[in-house]
Amino acid sequence: DAGVTQSPTHLIKTRGQQVTLRCSPKSGHDTVSWYQQALGQGPQFIFQYYEEEERQRGNFPDRFSGHQFPNYSSELNVNALLLGDSALYLCASSPATSGSYNEQFFGPGTRLTVL
Amino acid sequence: GQSLEQPSEVTAVEGAIVQINCTYQTSGFYGLSWYQQHDGGAPTFLSYNALDGLEETGRFSSFLSRSDSYGYLLLQELQMKDSASYFCAVRPSGFQKLVFGTGTRLLVSP
């Protein structure tokens, strides 16, 4: 059973560019959340997708957007990249039952470097 | 809002017992979770306390006291592979997101 997968593993971009990160949830999971983790800090919630809609959003600007596809996979898009966007971007999945959100399954992340 | 504070680093030797504390300020939450993250790896779920008290899972135990706004993760019979960062996290009431603590880096030496 494949866990959560993310691509690419690493990415280098320059300021002002746009980036798309991809995530496939664990089999049987239909809810996908995205987190940003700066070096030495805990993950910060960006947003969550369920039934192809953004259900909740953290304190991130509109430059951060996403999408969920009918097969539950998801994309994170970041426009007009800033140096401060350099971080590890984590995707987490869970089934859509109330108690399951306390145990989220994380992918290995995409390390984004903005130069 | 929510904030969860943890010690930045804890060191211990193989075979020892270590406790990682988590103090929080939050208006309401469903429970306290703990995650382990090795360098370059994904956070992995360790334990969850919905109610006050102690939960035991093998070598790991977790404790929650809502009246004291405090929880901890207890690791017994430490092994070198336990060297990692550990995060406490809460799911705020009415939300499906997790809010993570500042993280504790555990270094286990021979």
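Chains as they are written, first to last, in the numbering used here: chain W, 1 to 115; chain Z, 1001 to 1110.
Note that beta-carbon positions come from the ideal geometry of N, C-alpha and C, so glycine has one too.
Remember, predicted model here, so these are calculated numbers, not experimental data.
N-terminal and C-terminal residue of the beta strand (DSSP E) that residue i is part of
i: residue 51 of chain W; result: Unbroken run through residue 51 of chain W: none, as it is neither H nor E.
i: residue 1021 of chain Z; result: 1018-1026
i: residue 1037 of chain Z; result: 1029-1037
i: residue 74 of chain W; result: 74-78
i: residue 103 of chain W; result: It is not in any beta strand (DSSP E) - residue 103 of chain W carries neither H nor E in the DSSP assignment.
i: residue 1003 of chain Z; result: 1002-1005
i: residue 126 of chain W; result: Only positions 1 to 115 of chain W appear in the structure, and residue 126 of chain W is not among them; the question remains open.
i: residue 1049 of chain Z; result: 1044-1049
i: residue 42 of chain W; result: Counting along the chain, residue 42 of chain W falls outside any beta strand (DSSP E), and DSSP gives it neither H nor E.
i: residue 64 of chain W; result: 64-68
i: residue 7 of chain W; result: 5-7
Pair within 8 Å by beta-carbon distance, residue i and residue j
i: residue 1002 of chain Z; j: residue 1026 of chain Z; result: yes
i: residue 1073 of chain Z; j: residue 1020 of chain Z; result: yes
i: residue 1089 of chain Z; j: residue 1101 of chain Z; result: yes
i: residue 21 of chain W; j: residue 113 of chain W; result: no
i: residue 30 of chain W; j: residue 95 of chain W; result: yes
i: residue 56 of chain W; j: residue 1097 of chain Z; result: yes
i: residue 105 of chain W; j: residue 19 of chain W; result: no
i: residue 86 of chain W; j: residue 25 of chain W; result: no
i: residue 41 of chain W; j: residue 1103 of chain Z; result: yes
i: residue 1043 of chain Z; j: residue 43 of chain W; result: yes
i: residue 1071 of chain Z; j: residue 1063 of chain Z; result: yes
i: residue 81 of chain W; j: residue 15 of chain W; result: yes
i: residue 49 of chain W; j: residue 28 of chain W; result: no
i: residue 1193 of chain Z; j: residue 1030 of chain Z; result: Lying before the first or after the last residue shown, residue 1193 of chain Z is absent from chain Z, which here runs from 1001 to 1110.
i: residue 17 of chain W; j: residue 89 of chain W; result: no
DSSP bridge partner residues for residue i (one or two, in chain order)
i: residue 1092 of chain Z; result: Z:1029
i: residue 57 of chain W; result: W:47
i: residue 1108 of chain Z; result: Z:1012
i: residue 1054 of chain Z; result: Z:1063
i: residue 21 of chain W; result: W:76
i: residue 113 of chain W; result: W:12
i: residue 1099 of chain Z; result: Z:1090
i: residue 33 of chain W; result: W:48 and W:92
Whole beta strand (DSSP E) elements within the segment 1057-1084 of chain Z, 3-residue minimum: 1060-1065 and 1070-1075
Using Cβ-Cβ distances below 8 Å, what residues of the segment 78-90 of chain W are close to chain Z? 90
Which residues, taken in chain order from the segment 1078-1102 of chain Z, show a beta carbon closer than 8 Å to some beta carbon of chain W? 1087, 1089, 1091, 1095, 1096, 1097, 1098, 1099, 1100, 1101 and 1102
What are the residues in the segment 1060-1072 of chain Z lying within 8 Å of chain W by C-beta distance? none
Taking any Cβ of chain W, which residues in the segment 1010-1035 of chain Z have a Cβ under 7 Å from it, in chain order? 1030, 1031 and 1033
Scan the segment 20-43 of chain W for residues whose Cβ lies nearer than 9 Å to a Cβ of chain Z and list them as they occur along the chain. 31, 33, 35, 37, 40, 41, 42 and 43
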